[in-house]
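Worksheet: the structure to be examined is printed underneath.
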Amino acid sequence: MTEQASYHMTAAEFRQHGRAVVDWIADYMEKVESLPVLSQVQPGEIRAALPAAAPKQGEAFATMLADVDRLILPGITHWQSPNFFAYFPANASGPAILGELLSAGLGVQGMLWATSPACTELETHMLDWLVAMLDLPQKFLSTTNGGGVIQDSASSAVLCALLAARERATQFATNQQGCDGRLIVYTSSQTHSSLEKAAMIAGIGRAQIRLIDVDEHLAMQPASLAAAIEQDRAQGLIPCFVVASVGTTSSNAIDPVAAIGQICQAQGVWLHVDAAMAGTAALCPELRWIHAGVDLADSYCFNPHKWMFTNFDCDCFWVADRAALIGALSILPEYLRNQATESGAVIDYRDWQIPLGRRFRALKLWFVIRHYGVEGLRHHIRQHVALAQTFAAWVQADPNFEVAAPVPLNLVCFRHRGGDALNQQLMDQLNHSGQLYLTHTRLRGKLTLRMSIGQTHTTARHVVSAWQAIQTQAETLSAAAD
Ligand code: PLP
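Encoded structure:
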């Protein structure tokens, strides 16, 4: 047989170009602070600069990499800039990026234990490590009836939890016959919109979500929850799922999980705790109060891809009763049958998530945890929390501004006293300047700015400059309005 022509990249070429890419990323890390944080391009600008059709002949790698600088970088909003204070962080770090690269290099599809035992076992082990690192309840350990799994996102976690709750509430009949329309879900108005989407996907319907009142700190009122559940039961409905938030997206409000959990236990309703961003804080013993009551949860999730230096995507999700989750999601077609699965001695994570296929995400988590160590992670989380508290104190001390919600951790909700229009202009102008990036929410009807501090390389210097920019811009706007 003659050797066939090949267009593949050889190992030698990969070595050469791979080094160039790593150098490119290291250069990016060094210069990202100087780039405009929010991309300044107009809609369609990036596409207009791209060739209309795919190349017929392969191109040189150096040309591609040069085009990343020329065509792509202008259209990047720099989430990894230390001046990124928008939304919640999606921070990253050297060890996480390298773990991701190795995962791509191995190219593993870890749907079953048998399709790469290390992919499954490292994941199980990392999720057990994290139970100890965050001091989560022992019932989430893989050595119990529970266990943890990595999902792509907190949105997938809440959907999986809802499906398990739905099946538990209907003795696994819904998967067979479809929804009977009596299932009810409870949460507060402050809960992330992913629950609404999950209710749509799960066939429960958004009209079946009861939005429970919040108190003056924007945390769910347990008495209102109890009353709503009672009322629904009296009408023959089936309360099935409650979501409590540890750190809401708008304001980082922390629901009273212990009181909510007692109601859920008494009523036999599944409690899911969503700590997508804030959960990372529990690495620090002095911040573990945020998890009070999580021992009463049926499921819990947090996102290392938000605040724990692990690049997107990586959501850690635990259940107390893995049988409920697996019972809701498991199917076993003939082509996936194998001895390890039949033996019952292994975990097949395909049964713990929506898709069949899955990436080797545990590798980057392993690298992050080993690179920083628990103490290293705590050090940086404490710094972010301290910076946010300092920022809140500056806001409070300025008569033109007010802090708009409690600041339990690393998010400061604040506003200029000049009203919505001024705050909108202030935010738009700051973001347009490229110097920093802030986003907003609406709290009790008022436009509110959010200073979210959690990017890997944010230090006091960046927060000082941000506050100076905010004050200066606000003075200019107020003077123009006078
Ligand atoms: N839950 C909370 C509290 C969030 O803040 C977010 C996103 O910011 C989500 C869920 C959704 O996260 P993901 O992008 O991982 O689905």
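First residue of the sequence shown? That's 4 in the numbering used here, and the numbers climb one at a time after it.
For each residue, glycine too, the CB sits at the ideal point set by N, CA and C.
Check whether the Cβ atoms of residue i and residue j lie closer than 8 Å to each other.
{"i": "N403", "j": "R420", "result": "yes"}
{"i": "A469", "j": "F87", "result": "no"}
{"i": "V249", "j": "I257", "result": "yes"}
{"i": "V297", "j": "L133", "result": "no"}
{"i": "P92", "j": "Q458", "result": "yes"}
{"i": "V35", "j": "H81", "result": "yes"}
{"i": "V40", "j": "G437", "result": "yes"}
{"i": "M136", "j": "W369", "result": "no"}
{"i": "V161", "j": "E126", "result": "no"}
{"i": "V415", "j": "A400", "result": "no"}
{"i": "L221", "j": "A424", "result": "no"}
{"i": "A323", "j": "D354", "result": "no"}
{"i": "R364", "j": "C317", "result": "yes"}
{"i": "L115", "j": "A331", "result": "no"}
{"i": "Q427", "j": "L480", "result": "no"}
{"i": "M311", "j": "V388", "result": "no"}
{"i": "W273", "j": "A164", "result": "yes"}
{"i": "I241", "j": "I266", "result": "no"}
{"i": "H195", "j": "T252", "result": "yes"}
{"i": "P85", "j": "H383", "result": "no"}
{"i": "F1", "j": "C304", "result": "Because the chain here runs from 4 to 485, residue 1 falls outside it and cannot be looked at."}
Can you tell me whether residue i is helix, strand or coil according to DSSP?
{"i": "P120", "result": "helix"}
{"i": "P242", "result": "strand"}
{"i": "D30", "result": "helix"}
{"i": "T486", "result": "The shown model of the chain, from 4 to 485, leaves out residue 486, and the question about it has no answer."}
{"i": "E345", "result": "helix"}
{"i": "C267", "result": "helix"}
{"i": "R353", "result": "helix"}
{"i": "Q392", "result": "helix"}
{"i": "T459", "result": "coil"}
{"i": "H465", "result": "helix"}
{"i": "L186", "result": "strand"}
{"i": "L139", "result": "coil"}
{"i": "A15", "result": "helix"}
{"i": "S481", "result": "helix"}
{"i": "A247", "result": "strand"}
{"i": "R22", "result": "helix"}
{"i": "M454", "result": "strand"}
{"i": "S9", "result": "coil"}
{"i": "Q154", "result": "strand"}
{"i": "S436", "result": "helix"}
{"i": "S191", "result": "strand"}
Starting from residue i, trace the beta strand (DSSP E) both ways and give me its first and last residue.
{"i": "C319", "result": "318-322"}
{"i": "H443", "result": "442-446"}
{"i": "R171", "result": "It is not in any beta strand (DSSP E) - R171 instead sits in the alpha helix (DSSP H) that spans 157-172."}
{"i": "T177", "result": "Run containing T177: none in the beta strand (DSSP E); it sits in the alpha helix (DSSP H), 177-180."}
{"i": "H275", "result": "273-277"}
{"i": "F305", "result": "302-305"}
Please list the terminal residues of the continuous alpha helix (DSSP H) segment that includes residue i.
{"i": "W292", "result": "Careful: W292 lies outside any alpha helix (DSSP H) and carries neither H nor E."}
{"i": "I334", "result": "Note, I334: premise wrong, no alpha helix (DSSP H); not H, not E."}
{"i": "S197", "result": "197-204"}
Whole runs of the alpha helix (DSSP H) within the segment 35-99, excluding any shorter than 4 residues: 48-51, 64-70
In chain order, each alpha helix (DSSP H) run of at least 4 residues that lies wholly inside the segment 206-242: 225-237
query: Taking only runs of the beta strand (DSSP E) that begin and end inside the segment 363-425, which ones reach a length of at least 3 residues, in chain order?
result: 404-406, 414-419
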